[in-house]
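The opening position of the sequence shown corresponds to residue 247 in my numbering, with each subsequent residue numbered one higher.
Here's the structure, in structure tokens; my notes come after.
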Amino acid sequence: MNLFPDALALPLAAGGASEHRGLIVTLFAAFVAATLGLTVRAGRQTKGAEDFYAGGRQFSGFQNGLAISGDYMSAASFLGIAGAIALFGYDGFLYSIGFLVAWLVALLLVAEPLRNAGRFTMGDVLAYRMRRRPVRTAAGVSTVVVSIFYLLAQMAGAGALVTLLLGITSEAGKILVVVLVGVMMILYVTIGGMKGTTWVQMVKAVLLIAGTLLITLLVALKFHFNVSALLGAAAENSGKGSAFLEPGLKYGATATSKIDFISLGLALVLGTAGLPHILIRFYTVPTAKAARKSVNWAIAIIGGFYLMTIALGFGAAALLKPGAIIASNTAGNTAAPLLAQQIGGGPGSTGGAVLLAVISAVAFATILAVVAGLTLASSSSFAHDLYVNVLRKGRATEKEELGAARWATVGIGGAAIVLGVFARGLNVAGLVALAFAVAASANLPTLLYSLYWKRFTTRGALWSIYGGLASSVLLVLFSPVVSGKETSMFPGAHFAFFPLENPGLISIPLGFLLGWLGSVLWAEEPDAAKYAELEVRSLTGTGAH
């Protein structure tokens with residue numbers, strides 16, 4: 247049973263701005279129309295597969311770093327982390343730390359070798375030295391599953407945001423919002439491809455940083471740039487006292503929650519380097535040097551953003567009552583927009599309405615940009631790996647391949663809409679952490695073994711991908727995320743046999759173990775010559791596209 251019905255959101259936030267509803271909707275619509283215009287313009291320049299999948303490899307290191315930031319700073323970053331900090335203090339901020347540290351793994355181990363070794367997808371890297379059809383099938387399945395998990399978080403964030411903004415209280419209206427987000431997501435990808443998606447991500451990254459910086463400065467001004475005063479007010483207003491600023495409010499009450507925290511941290515740190523929509527971004531630059539530079543830029547931009555989440559989360563905790571945040575959205579996903587409204591003058595004020603509209607529009611653009619990247623990654627893998635190289639055995643024309651990618655976009659978008667309807671009450675940061683766990687369990691072991699271990703075989707790759715994928719997904723299905731708690735996807739059901747909310751502690755080591763076992767237990771000789779070629783290519787870029 248939900249103790250805080252979402253219907254209470256109207257009088258607390260959106261209702262307070264109802265007299266400025268026209269202004270809010272106008273600003274919101276103008277923002278969305280501008281990003282759609284960008285997509286249509288870029289779509290006219292998309293001529294072939296390389297344009298659709300990799301944007302013609304025309305983006306510089308800085309541009310790609312900005313786009314990666316736009317892709318990575320998702321609804322989880324802007325809405326979920328702010329909500330987690332506002333409700334759980336120090337423990338909520340751990341998400342920011344995990345998301346940022348994860349980039350070191352991507353920079354040091356994955357970015358440059360992946361750019362050199364592949365063409366469009368992760369499946370290209372695996373197929374270079376192994377039997378192509380089975381590993382491309384596994385890579386395609388894994389990419390689609392991970393992308394759908396991540397899409398759930400964005401759809402949940404979009405539903406919370408738009409229902410707050412428009413004052414929608416009926417369940418039918420909330421479901422309609424999720425459907426409309428899904429339709430827009432499909433339009434972004436089918437029309438614009440990678441070029442359109444990249445430009446939207448760049449624009450969105452600039453606007454998100456600008457919007458977050460504005461709120462940060464306003465919060466800092468409110469507390470006279472005294473961080474201690476901000477944290478003190480947040481602790482007092484939260485009703486938790488000093489415990490709000492100490493570890494253990496969310497992860498520490500029981501032994502299970504402490505283990506859950508370790509599992510979460512492992513998933514966050516290792517998951518980024520296995521996320522499909524991040525991996526394909528390394529193919530949009532002309533050289534490996536540009537790929538490395540793009541990660542450096544991404545770390546700088548993302549690092550600055552996550553520092554500002556301190557102001558977003560603790561500012562919301564200091565200036566808003568916890569009951570108001572929870573009543574607006576039980577998972578805290580609307581804490582940042584509510585803070586914008588409050589810091590702009592409060593409900594009913596013109597300043598509050600304008601700031602609410604601007605921040606909500608930026609957050610919505612964030613969601614659209616990320617879901618476009620996710621959908622592009624999964625549709626690319628389906629078309630390039632499954633359709634062209636498995637079903638058609640490499641004999642499909644470029645036109646047929648692009649057609650398959652666009653139809654795959656529609657199918658994956660439809661699946662995301664259906665699942666997003668059920669996930670709209672969950673915290674988006676928690677949902678993204680699940681996607682990280684699945685990516686770290688299935689994709690990361692296979693990628694690292696393929697790039698760095700000579701004895702890795704096709705059987706090892708299949709065991710690693712399918713074993714990591716199956717274990718992580720099954721553990722999620724039987725975890726408190728899906729059933730057994732008031733905040734679960736199905737709160738009335740009870741089949742949570744696995745006690746942890748994140749499966750990473752079990753499924754990630756299992757993915758690595760299965761990849762090793764599959765390679766050493768059976769007498770399958772790895773192709774030493776092909777590995778030597780891959781090693782030279784991944785390290786030097788010789789022969790790279």
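All residues carry an ideal CB built from backbone N, CA and C; glycine is no exception.
What are the start and end residues of the alpha helix (DSSP H) that includes residue i?
i: Arg-705; result: 704-723
i: Ala-647; result: The question names Ala, yet the displayed sequence has Glu at residue 647. Glu-647 -> alpha helix (DSSP H) spans 644-669.
i: Tyr-318; result: 307-318
i: Phe-758; result: 750-766
i: Gln-587; result: 581-589
i: Met-554; result: 534-565
i: Ile-526; result: Segment: none, Ile-526 is in no alpha helix (DSSP H) and carries neither H nor E.
i: Ile-414; result: Neither: Ile-414 is in no alpha helix (DSSP H) and is coded neither H nor E.
i: Leu-334; result: At residue 334 the sequence reads Phe, which differs from the Leu that was named. Segment 327-334, the alpha helix (DSSP H) holding Phe-334.
i: Phe-610; result: 596-627
Do residue i and residue j have their CB atoms nearer than 8 Å?
i: Pro-380; j: Leu-697; result: no
i: Ala-563; j: Gly-335; result: yes
i: Ser-388; j: Ala-573; result: no
i: Phe-324; j: Thr-530; result: no
i: Ala-623; j: Ile-526; result: yes
i: Thr-436; j: Thr-643; result: no
i: Ser-753; j: Ser-718; result: yes
i: Asp-337; j: Lys-567; result: no
i: Val-678; j: Ser-393; result: no
i: Val-446; j: Ala-615; result: yes
i: Gly-316; j: Ser-540; result: no
i: Leu-585; j: Gly-442; result: no
i: Gly-761; j: Tyr-712; result: no
i: Ala-404; j: Val-425; result: no
i: Thr-704; j: Glu-779; result: no
i: Leu-476; j: Gly-561; result: yes
i: Phe-305; j: Thr-533; result: no
i: Ile-589; j: Lys-468; result: yes
i: Ala-519; j: Leu-720; result: no
i: Val-278; j: Phe-610; result: yes
i: Ala-685; j: Leu-521; result: yes
Out of the options, which one is the CA nearest neighbour of residue i?
i: Gly-592; options: Ala-618, Leu-565, Asn-575, Ala-615; result: Leu-565
i: Trp-349; options: Asp-631, Tyr-695, Arg-538, Leu-767; result: Arg-538
i: Phe-736; options: Ala-686, Gly-666, Tyr-777, Ala-716; result: Gly-666
i: Leu-751; options: Glu-732, Val-722, Asn-472; result: Val-722
i: Tyr-633; options: Gly-369, Thr-704, Lys-504; result: Gly-369
i: Asn-579; options: Thr-596, Leu-553, Val-408; result: Val-408
i: Met-401; options: Val-617, Gly-594, Gly-561; result: Val-617
i: Ala-546; options: Lys-496, Leu-284, Gly-311; result: Gly-311
i: Ser-625; options: Ala-385, Asn-748, Gly-520; result: Ala-385
i: Val-391; options: Leu-620, Ala-609, Ala-357, Lys-450; result: Leu-620
i: Ala-328; options: Thr-596, Asn-575, Ser-784, Asp-631; result: Asn-575
i: Ile-548; options: Ile-343, Thr-285, Val-286, Val-782; result: Ile-343
i: Trp-507; options: Gly-405, Val-278, Leu-680, Leu-720; result: According to the sequence displayed, residue 507 carries Phe and not Trp. Ranking the options by Cα distance to Phe-507, first place goes to Leu-680.
i: Ala-352; options: Asn-542, Ile-605, Phe-758; result: Asn-542
i: Phe-551; options: Arg-290, Leu-463, Ser-595; result: Leu-463
i: Asn-483; options: Gly-569, Ile-414, Val-600, Arg-361; result: Gly-569
i: Lys-450; options: Ser-784, Gln-309, Ala-686; result: Gln-309
i: Lys-700; options: Glu-417, Met-376, Arg-287, Gly-714; result: Met-376
Looking only at its own chain, which residues have a Cβ that is under 7 Å from the Cβ of residue i, when we skip the five neighbours before and after it?
i: Val-636; result: Arg-379, Arg-382, Thr-383
i: Phe-724; result: Phe-741, Ala-742, Phe-743, Phe-744
Quick check: what's the CA-CA separation for residue i versus residue j?
i: Gly-796; j: Ala-280; result: Residue coverage of the chain in this structure runs from 247 to 791, which leaves residue 796 outside it and unanswerable.
i: Arg-641; j: Leu-372; result: 20 Å
i: Leu-433; j: Ala-775; result: 44 Å
i: Ala-669; j: Val-427; result: 14 Å
i: Leu-346; j: Leu-355; result: 15 Å
i: Ala-662; j: Phe-628; result: 15 Å
i: Gly-559; j: Val-429; result: 31 Å
i: Gly-706; j: Ala-363; result: 19 Å
i: Val-727; j: Ser-734; result: 5 Å
i: Leu-454; j: Val-766; result: 48 Å
i: Leu-460; j: Pro-583; result: 13 Å
i: Leu-693; j: Ala-399; result: 25 Å
i: Ala-479; j: Ile-571; result: 16 Å
i: Tyr-318; j: His-523; result: 9 Å
i: Met-431; j: Gly-659; result: 7 Å
i: Glu-781; j: Ala-603; result: 51 Å
i: Pro-749; j: Leu-756; result: 11 Å
i: Gly-487; j: Ile-505; result: 25 Å
i: Gly-631; j: Ala-332; result: Note on residue identity: the sequence assigns Asp, not Gly, to residue 631. Roughly 42 Å between the two C-alpha positions.
i: Gly-439; j: Leu-282; result: 12 Å
i: Ile-421; j: Leu-648; result: 31 Å
Residues in the same chain with beta-carbon distance under 6 Å from residue i, minus the five sequence neighbours each way, listed in chain order, please.
i: Phe-682; result: Ala-513, Leu-514, Gly-517
i: Ala-581; result: Ala-328, Gly-329, Ala-332, Ala-562, Ile-571
i: Ala-739; result: Ser-729
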